[in-house]
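Quick notes on the structure that follows.
Number of protein chains: 2
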Amino acid sequence: MLVMATRKYEQRLRAEAAEETRRRILDALYQRLREAPAEPVSIDRIAQMARVARPTVYLAFGSRAGLFDAAGADLLQRGGFERMLQASAHASAREGLRGGICGVAEMYAANRDVIRVLSSMAQLDAAAVGGAVQRLEQGRASGMAHLAQRLADQGALRPDVTVDQATDLLWLLTSFESFDLLYTGRKLSVDEVARALTTTAEHTLIQ
Amino acid sequence: MLVMATRKYEQRLRAEAAEETRRRILDALYQRLREAPAEPVSIDRIAQMARVARPTVYLAFGSRAGLFDAAGADLLQRGGFERMLQASAHASAREGLRGGICGVAEMYAANRDVIRVLSSMAQLDAAAVGGAVQRLEQGRASGMAHLAQRLADQGALRPDVTVDQATDLLWLLTSFESFDLLYTGRKLSVDEVARALTTTAEHTLIQ
DNA sequence: GTTTCGCTAGACAGTCTGTATTTCAGAATA
DNA sequence: TATTCTGAAATACAGACTGTCTAGCGAAAC
């Protein structure tokens with residue numbers, strides 16, 4: 001009791017089981033958001049769907065915000081964010097523009113309902129989603145500034161457009177909100193959305 | 001008791017008092033949203049700020065959703081929605097395009113924080129804001145379809161742009177989300193936002 | 001003076017979050 | 001196999017919020 005001989009545990013199976021519990025909870029959240037994206041989400045409901053006790057959710061994610069934060073990070077990792085950045089880093093900045101817009105459109109479409117809720121929650125209550133959304137948007141902001149600079153360096157920008165102005169418009173056109181206004185609001189297909197956004201960017205920025 | 005002789009009441013002062021109570025509550029809501037746009041809103045808090053008992057809010061607006069619905073309607077009525085529609089109905093469709101975009105930008109800027117919360121709430125929980133946001137968006141949708149048609153009729157559209165495509169882009173560029181991505185997200189001034197959106201619309205749609 | 005009505009005050013049920021406590025089953029070790 | 005550790009369940013609790021109900025006050029309307 002007084003002196004406890006510390007053992008070294010490897011806990012392979014246990015860590016795996018814990019990880020699998022986290023996955024079940026995250027998947028339950030995704031499922032819930034997909035089947036009812038415009039309804040409030042209760043932790044209790046998510047726990048039931050994951051066949052887990054409610055306190056287990058807090059054990060695994062710390063808080064409600066932690067759960068949504070983890071969902072955002074999970075999306076970032078598995079949702080094709082890498083592929084998107086890669087597409088926008090094409091040697092030709094013009095090609096990078098096309099690839100980047102197509103990339104975000106596909107990424108947004110693949111997880112539309114989940115991103116919809118995360119975005120809106122972040123707007124409504126900054127603390128409610130942890131930092132996941134901010135991190136994603138931060139990455140997008142610097143990515144677009146970089147792309148605008150490369151367009152300028154390669155002489156692709158219209159002469160009456162500054163790098164800052166190009167960054168602003170790219171920021172707008174690659175946002176989830178822009179995508180969703182056309183995809184959900186106007187019922188366009190992913191391809192049609194990508195085409196509309198690309199055409200707009202090219203007409204306004206490229207000479 | 002059994003037979004109640006119904007009197008005719010004029011209730012001038014009383015109706016005025018009731019109307020003034022509604023106003024106080026709405027103004028308290030606006031104030032709260034402006035001073036803390038990214039925090040959850042409790043009815044109790046709003047009632048205290050309006051120096052009114054909590055049940056009075058329910059008496060005046062029926063429910064939480066009713067309150068937000070009324071706020072949306074109030075914005076529609078007083079927020080310059082009329083002026084905006086008027087501006088986009090200029091004889092020249094080209095001028096209507098410019099005026100419409102400037103009009104929405106000013107309207108959005110005047111009540112940015114309130115519209116921000118109403119929009120996000122509508123996305124997260126359709127029932128939480130009544131029909132106010134849907135009605136506003138419905139009006140904007142038909143307005144933009146109308147404007148696109150007039151641009152086509154007056155031969156102002158690029159030959160490679162259909163009326164539907166023009167409607168889609170106008171829908172995107174006149175949205176609150178587009179405005180706010182530039183205004184709050186990129187810290188542009190109202191004029192700069194209006195100019196960016198107008199330039200984009202003209203380069204992409206107008207020949 | 002009497003009636004009416006907007007509003008207050010207080011209490012209540014129900015739902016949600018977040019936390020603490022106890023307990024169990026099974027994995028990790030010896 | 002026996003022991004120890006630990007992820008998770010079960011339960012209960014405090015606190016905040018919504019929405020509703022009651023009783024009652026005070027002032028306007030008659």
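Respectively, the protein sequence lines represent chains B and G.
Numbering-wise, the first sequence is residues 1 to 207 according to the working numbering.
Numbering-wise, the second sequence is residues 1 to 207 according to the working numbering.
Even glycine gets a Cβ: it sits at the ideal position worked out from N, Cα and C.
#### Entry: Beta-carbon neighbours of residue 178 of chain B, restricted to chain G and to distances below 9 Å
172, 175, 177, 178, 181
### Query
From residue 31 of chain G to residue 152 of chain B, what does the alpha carbon distance come to, in whole angstroms?
Distance between the alpha carbons of residue 31 of chain G and residue 152 of chain B is about 44 Å.
### Task
Determine the direct distance from the alpha carbon of residue 125 of chain B to that of residue 212 of chain G, and round the result to whole angstroms.
Any answer about residue 212 of chain G is impossible in this case: the structure gives chain G only from 1 up to 207.
### Task
Could you tell me which residues DSSP puts in a beta bridge with residue 157 of chain G?
G:206
### Message
So the candidates are G:99, G:71, G:113; which of them puts its Cα closest to the Cα of residue 37 of chain G?
### Response
G:113
### Query
Which class does residue 36 of chain G belong to by DSSP, given the choice of helix, strand or coil?
coil
### Message
Strictly under 8 Å for the Cβ-Cβ distance: is residue 159 of chain G near chain B by that measure?
### Response
Judged by the 8 Å Cβ criterion, residue 159 of chain G is not in contact with chain B.
### Message
Would residue 201 of chain G and residue 157 of chain G be called neighbours here (beta carbons separated by less than 8 Å)?
### Response
No. Outside cutoff.
### Endpoints, alpha helix (DSSP H) assigned at residue 178 of chain G
Counting along the chain, residue 178 of chain G sits inside the alpha helix (DSSP H) bounded by residues 176–183.
### Message
By the DSSP assignment, the alpha helix (DSSP H) with residue 168 of chain G in it spans what residues?
### Response
163–173
### Task
Step through the CB atoms of chain B and report whether any lies within less than 8 Å of the CB of residue 117 of chain G.
yes
### Task
Using alpha carbons as the reference points, say which of G:115, G:80, G:77 lies closest to residue 34 of chain G.
G:115
### Task
Report the three-state DSSP secondary structure of residue 91 of chain G (helix, strand or coil).
Three-state result, residue 91 of chain G: coil.
### Message
Once the 5 residues before and after residue 108 of chain B are set aside, which same chain residues still bring their CB inside 8 Å of it?
### Response
Exclusion of the five residues before and after residue 108 of chain B leaves 115, 176, 179, 180, 183 as the residues of its chain whose Cβ lies within less than 8 Å of its Cβ.
### Task
Output, in chain order, the set of chain G residues within a Cβ distance shorter than 7 Å of residue 120 of chain B.
120, 123, 124
### Task
Leaving aside the five residues before and after residue 144 of chain B along the sequence, list all residues of the same chain whose C-beta is less than 7 Å from its C-beta, in chain order.
Taken in chain order, the residues that qualify are 167, 170, 171, 174.
### Query
Roughly how many whole angstroms lie between the Cα atoms of residue 19 of chain G and residue 70 of chain G?
Taking the straight line joining both Cα atoms gives about 13 Å.
### Message
Please report the distance separating the alpha-carbon of residue 58 of chain B from that of residue 136 of chain B.
### Response
24 Å
### Query
When the cut-off is 8 Å and only beta carbons count, does residue 69 of chain G lie next to chain B?
no
### Query
Excluding five sequence neighbours on each side, which residues of the same chain lie with their C-beta closer than 7 Å to the C-beta of residue 26 of chain B?
70, 71, 74
### Task
Give me the Cα-Cα distance between residue 155 of chain G and residue 97 of chain G, rounded to the nearest whole angstrom.
14 Å
### Query
Closest Cβ-Cβ distance between residue 139 of chain G and chain B: below 8 Å?
no
### Query
Over what stretch of residues does the alpha helix (DSSP H) that includes residue 125 of chain B continue unbroken?
No alpha helix (DSSP H) contains residue 125 of chain B, which DSSP labels as neither H nor E.
### Query
Mapping DSSP to helix, strand and coil, what is residue 188 of chain B?
coil
#### Entry: DSSP state of residue 142 of chain B mapped onto helix, strand, coil
helix
### residue 57 of chain G: first and last residue of the uninterrupted alpha helix (DSSP H) it sits in
54–61
### Query
Hey, is residue 55 of chain B's beta-carbon within less than 8 Å of any beta-carbon in chain G?
no
### Backbone CA spacing between residue 81 of chain B and residue 163 of chain G [nearest angstrom]
34 Å
### Task
Classify residue 189 of chain B as buried or exposed, calling it buried when 16 or more other Cβ atoms lie within 10 Å of its own Cβ.
exposed
### Close-in-space but distant-in-sequence residues of the same chain around residue 110 of chain G (CB under 7 Å, 5 per side omitted)
If we look at residue 110 of chain G and ignore the five residues flanking it on each side, its Cβ neighbours are 79, 80.
#### Entry: chain B contact for residue 98 of chain G (CB, 8 Å cutoff)
Any Cβ of chain B closer than 8 Å to the Cβ of residue 98 of chain G would place that residue at the interface, and such an atom is absent.
### Task
Tell me where the alpha helix (DSSP H) around residue 78 of chain G begins and ends.
Where residue 78 of chain G is concerned, the enclosing alpha helix (DSSP H) stretches over 64–78.
### Other residues of its chain near residue 148 of chain G: CB distance less than 7 Å, five sequence neighbours each side excluded
163, 166, 167, 170
### Message
Could you compute how far the alpha carbon of residue 196 of chain B sits from the alpha carbon of residue 28 of chain B?
### Response
34 Å
### Task
For residue 62 of chain B, count neighbouring C-beta atoms within 10 Å of its own C-beta (all shown protein chains included) and say buried if the count is 16 or more, exposed if not.
exposed
### Message
Helix, strand or coil for residue 41 of chain B? Go by DSSP, reduced to three states.
### Response
coil
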